[in-house]
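Enquirer:
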Amino acid sequence: MNQEHTEFDPENTANGGDDAHHDQIEALRAELEQVKAESLRERADLDNQRKRVARDIEQARKFANEKLLGDLLPVFDSLDAGLTAAGGEPNPLREGMELTYKQLLKVAADNGLVLLDPAGQAFNPEHHQAISQVPAPAGVAPGAVVTVFQKGYLLNERLLRPALVVVAQAD
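Note that my numbering has the sequence shown beginning at 576, numbered continuously upward.
If you want it as structure tokens, here you go:
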């Protein structure tokens with residue numbers, strides 16, 4: 576029969592060998608915990624990066640037509656001025672301009688554009704640009720918009736152009 580021969584190992588005495596073995600296990604456990612923590616950190620970083628990319632894509636989609644809609648603002652202004660100049664009397668030219676203006680506003684609204692026409696509303700410095708103040712006319716609250724010189728626009732809740740307004744001043 577073949578017998579195993581064991582040599583005397585001074586480190587493997589009563590507790591000495593167990594301590595070394597235990598230290599090795601603890602070192603491996605610590606390394607495993609470190610690898611787990613690093614893996615979780617990398618997973619969180621990857622999730623954050625995915626969310627950031629998704630947000631960036633959504634922002635790009637929402638504001639992709641910003642330049643085009645911004646370039647159309649003078650067209651809105653011209654149609655608005657033309658309607659004002661045409662007076663209130665119904666006639667075929669005025670009705671055609673109104674229809675064109677409404678169609679253009681609808682297409683723009685379908686693409687996230689919102690018209691700011693704040694006449695009579697409280698002045699909002701986030702959406703309006705005051706160009707002057709006048710004494711408050713009868714029945715108009717101080718701080719209210721009295722006249723709108725140029726309408727403003729929001730694109731998907733972001734200011735594209737502020738409304739140019741005259742504000743009623745306090746006494």
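Think of the CB as a built atom: it goes at the ideal place given N, C-alpha and C, for glycine as much as any other residue.
Fair warning: this is a prediction, and the values are worked out from it, not measured in the lab.
What is the DSSP secondary structure of residue 719, counted as helix, strand or coil?
Expert: Correct three-state label for residue 719: strand.
Enquirer: Which stretch, first to last residue, makes up the beta strand (DSSP E) that contains residue 704?
Expert: Counting along the chain, the beta strand (DSSP E) containing residue 704 begins and ends at 703-710.
Enquirer: Flag this pair as yes or no: are the beta carbons of residue 698 and residue 742 separated by less than 7 Å?
Expert: The answer is yes: Cβ separation under 7 Å.
Enquirer: Would you mind working out which of 636, 745, 594 and 610 sits nearest residue 731, comparing C-alpha positions?
Expert: It is 636 whose Cα lies nearest to the Cα of residue 731.
Enquirer: Put residue 651 into one of helix, strand or coil per three-state DSSP.
Expert: Residue 651 falls in the helix class under three-state DSSP.
Enquirer: Provide the residue span of the beta strand (DSSP E) that contains residue 683, from first to last.
Expert: Note, residue 683: premise wrong, no beta strand (DSSP E); alpha helix (DSSP H) at 667-685.
Enquirer: Counting along the chain, where does the beta strand (DSSP E) carrying residue 738 start and finish?
Expert: Element bounds for residue 738: 738-744.
Enquirer: Which residue wins for smallest C-alpha separation from residue 719, given the options 709, 725, 675 and 617?
Expert: Out of 709, 725, 675 and 617, 709 has the C-alpha closest to the C-alpha of residue 719.
Enquirer: Name the two residues that bound the continuous beta strand (DSSP E) containing residue 714.
Expert: Segment: none, residue 714 is in no beta strand (DSSP E) and carries neither H nor E.
Enquirer: Return the CA-CA distance between residue 703 and residue 714, expressed in angstroms with no decimal places.
Expert: Each residue's Cα considered, the two are about 21 Å apart.
Enquirer: Does the beta-carbon of residue 740 have 16 or more other beta-carbons within 10 angstroms, so that it is buried, or is it exposed?
Expert: With 16 or more Cβ atoms within 10 Å of its Cβ, residue 740 is classed as buried.
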